[in-house]
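K.L.:
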Amino acid sequence: MKVSIIGAGSWGTALANLLVSNNHQVLIYDVDTKLVEEINNNHTNESKLKGVKIDVNVRATTNLNEVLTFSKIVVLSVPTKVSRIVLNNIKETITESKIFVNTSKGIEPDTGLRISEIVYEILTDKYVESFVALTGPSHAEEVAIGLPTVVTAASNNFESAKLIQQIFSNDFSFRVYTLNDLVGAELGGALKNIYAIASGMLTGLEYGDNARAALITRALVEMERLAVAMGASSKTLSGLVGVGDLIVTTTSYHSRNFQAGLALAKGNNLQEAVSSIPMVVEGARTTLSAYQMARKLNIETPIIDAVYDIIYQEKNVEVTIKALMKRSLKEEFTEL
Ligand SMILES: NC(=O)c1ccc[n+]([C@@H]2O[C@H](COP(=O)([O-])OP(=O)(O)OC[C@H]3O[C@@H](n4cnc5c(N)ncnc54)[C@H](O)[C@@H]3O)[C@@H](O)[C@H]2O)c1
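For the sequence shown, this note's numbering assigns the number 4 to the initial residue and increments by one for each residue that follows.
1. Does DSSP classify Ala291 as helix, strand or coil?
2. Do you know offhand how far Asn260's Cα is from Thr83's?
3. Hey, would you say the C-beta of Ala11 is under 7 angstroms away from at least one heavy atom of ligand 1?
4. Given this structure, state the Cα-to-Cα distance separating Ala266 from Gly207, to the nearest angstrom.
5. Give the single residue among Val277, Arg221, Met282, Ala230 whose Cα lies nearest to the Cα of Thr337.
6. Please classify Gln168 as buried or exposed, where buried requires at least 16 neighbouring CB atoms within 10 angstroms.
7. Using CA coordinates, which residue listed in Thr65, Tyr123, Gly139, Ala232 is at the minimum distance from Asn91?
8. When you compare the CB positions of Ile9 and Val61, do they come within less than 8 angstroms of one another, or not?
9. Assign Phe175 to one of two classes, buried (16 or more other C-beta atoms within 10 Å of its C-beta) or exposed (fewer than that).
10. Here's the rule I'm using: 16 or more other beta-carbon atoms within 10 Å means buried, otherwise exposed. How should Ile313 be labelled?
11. Could you please give the first and the last residue of the uninterrupted alpha helix (DSSP H) stretch that includes Thr220?
12. Ordered along the chain, which non-local residues of its own chain (more than five positions away) have a Cβ less than 7 angstroms from that of Lys189?
13. Let's test the definition: count the other Cβ atoms within 10 Å of the Cβ of Tyr311 and tell me whether it reaches 16, buried, or not, exposed.
14. Cβ of Ile250 within 8 angstroms of Cβ of Ile200?
15. Please state if the CB of Leu30 and the CB of Phe73 are separated by a distance shorter than 8 angstroms.
16. Whole beta strand (DSSP E) runs in the segment 53-118 with 3 or more residues, listed along the chain?
17. Can you check which of these residues, Glu303, Ala309, Arg330, Thr252, is closest to Val320 by C-alpha distance?
18. Is any heavy atom in ligand 1 found nearer than 7 angstroms to the beta carbon of Leu143?
19. Of all the options Ile302, Tyr315, Gly12, which has the alpha carbon lying nearest to the alpha carbon of Thr106?
20. Name the residue from His142, Arg228, Lys269, Thr152 whose alpha carbon lies nearest to the alpha carbon of Met204.
21. Would DSSP call Leu30 helix, strand or coil?
22. Assuming Ile52 contacts Thr16 under a Cβ cut-off of 8 angstroms, what Cβ separation, rounded to an integer in Å, is found between them?
23. Return helix, strand or coil for Glu40, following the three-state DSSP convention.
24. Assuming Ser158 contacts Ile76 (C-beta within less than 8 angstroms), just tell me the rounded distance between them.
25. Hey, could you find the ends of the beta strand (DSSP E) Phe261 is sitting in?
26. Using a Cβ-based criterion (distance less than 7 angstroms to any ligand heavy atom), does Lys108 qualify as near ligand 1?
27. Closest to Arg215 by CA distance: which of Thr254, Tyr32, Gly109 is it?
28. Grab the span of the beta strand (DSSP E) containing Ala136 for me, first residue to last.
29. Measure the alpha-carbon distance for Met233 versus Ser141 and round it to whole angstroms.
30. If the criterion is Cβ atoms closer than 8 angstroms, does the pair Thr3 and Leu194 meet it?
31. From what residue to what residue does the alpha helix (DSSP H) around Val146 run?
32. Could you give the distance in angstroms between the alpha-carbon of Asp248 and the alpha-carbon of Val322?
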């Protein structure tokens, strides 16, 4: 099959490599002319996927019309802060409806919208045949070199979820499950990045394995509480898109959100922490969205609040994390 990808960052490029190895034809679009030339001429993406050889059959373009007419399936793989810009550009160019597959992980601040909601708001049913979120524990660096990875294709449209499952899965390195809880999948993928920042901070402070295990466990409780209040099924959060993605991102140096947490623990402010990382750090923006959403829904989210205080109120990392330990003592399964 033919597949169009919007965004030739580390994830878009890794997915392009995967799809070509699955014998599909791929055209990848990016606004960065130099990057597009590098992919077409050198078959590398050194700034985003260092040392990875990109399959010679992966072709790249800066022409949005070309990528939109290339395939019925359009994979979105851009930082969520540009999703609206990209979708408005698509709206000006698109002429027929598509199956949109989103791989970006975030929630829009102020509106609290998930990417599927933004896609439908801008492109409407006229151009969105169906929407699938492809998400789960997946570092681009590992997918790009064919290490075993298992993710989920979530959609309200079962046929489209099945189609995406079949296109992306193979017998050797990539396995895709389907899921009918789009809300839970989108929220799990977005929220886990907040806890990756927190985990990076704990590591930076050398707090040890006990603290990280506690963070992951309580993060799952908090994530589930907020996601369920926003319409997710609680079961979803114990799946690949929830606990799976939470584990991979809170325990790995591949995670930029984890790296940002490390930099924050060293005393850098958000700007300094983010600018030291060449790829997008989605968790910072999602912290703001989740904090706003939790206040709106009156959900108790102590870990999100702590990360918010550190990155947006510039509160001291150590003091803020220690304050979590001083919260009133509770029963584990009744209250946070
Ligand atoms: N990297 C991973 O391991 C990974 C895994 C799963 C999901 N994701 C998610 O995928 C999304 C993209 O992440 P990434 O790691 O590829 O980011 P990245 O920072 O590596 O690359 C982003 C790319 O988007 C391009 N871009 C920016 N504005 C654009 C526009 N207007 N039109 C087209 N392209 C534009 C940039 O030029 C860049 O090439 C994020 O939401 C991230 O959370 C990443």
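We put the CB at the ideal spot given by N, CA and C, even for glycine.
P.N.:
According to the structure shown:
1. In the sequence on display, residue 291 carries Leu and not Ala. The answer is helix: DSSP assigns Leu291 an H, G or I state.
2. Asn260 and Thr83 have their C-alpha atoms roughly 14 angstroms apart.
3. Checking every heavy atom of ligand 1 against the Cβ of Ala11, one is found closer than 7 angstroms.
4. Rounded to the nearest angstrom, the gap between the Cα atoms of Ala266 and Gly207 is 8 angstroms.
5. Put simply, of Val277, Arg221, Met282, Ala230 the residue whose alpha carbon is nearest the alpha carbon of Thr337 is Arg221.
6. Buried, because 16 or more other Cβ atoms sit within 10 Å of the Cβ of Gln168.
7. It is Tyr123 whose Cα lies nearest to the Cα of Asn91.
8. Not a contact, by the Cβ cut-off of 8 angstroms.
9. When all chains shown are included, Phe175 counts as exposed.
10. Buried: at least 16 other Cβ atoms inside 10 Å.
11. From DSSP, the alpha helix (DSSP H) with Thr220 extends over 211-232.
12. Reading off the sequence shown, one finds Glu at residue 189, where the question assumed Lys. Arg117, Ile118, Ser119, Ala136.
13. By the neighbour-count rule (16 or more Cβ atoms within 10 Å), Tyr311 is buried.
14. With contacts defined as CB atoms closer than 8 angstroms, Ile250 and Ile200 fail to qualify as a contacting pair.
15. Cβ atoms of Phe73 and Leu30: closer than 8 angstroms.
16. The qualifying runs are 62-64, 76-79, 101-105.
17. Among Glu303, Ala309, Arg330, Thr252, the Cα nearest to that of Val320 is on Ala309.
18. The question names Leu, yet the displayed sequence has Ala at residue 143. For Ala143, the distance from the CB to the nearest heavy atom of ligand 1 is below 7 angstroms.
19. The option with the nearest alpha carbon to Thr106 is Gly12.
20. Distances from the CA of Met204 to each of His142, Arg228, Lys269, Thr152 were compared; the closest alpha carbon is that of Lys269.
21. Residue state, collapsed to three classes: strand.
22. In the sequence as displayed, the identity of residue 52 is Leu instead of Ile. Separation of the CB atoms of Leu52 and Thr16 is rounded to 6 angstroms, and the pair is thereby assigned contact status at 8 angstroms.
23. Here Glu40 sits in helix by DSSP.
24. With 8 angstroms as the limit, Ser158 and Ile76 do not qualify as a contact, their Cβ atoms being about 12 angstroms apart.
25. That residue, Phe261, is in no beta strand (DSSP E); its alpha helix (DSSP H) goes 259-268.
26. Shortest gap from the CB of Lys108 to any heavy atom of ligand 1: under 7 angstroms.
27. With distances taken between Cα atoms, Arg215 lies closest to Thr254.
28. That run of the beta strand (DSSP E) goes 131-138.
29. For Met233 and Ser141, the distance between alpha carbons rounds to 24 angstroms.
30. As shown, the chain starts at 4 and ends at 339. That puts residue 3 outside it, with no answer to give.
31. Its alpha helix (DSSP H) spans residues 143-146.
32. The C-alpha of Val322 is placed about 28 angstroms away from the C-alpha of Asp248.
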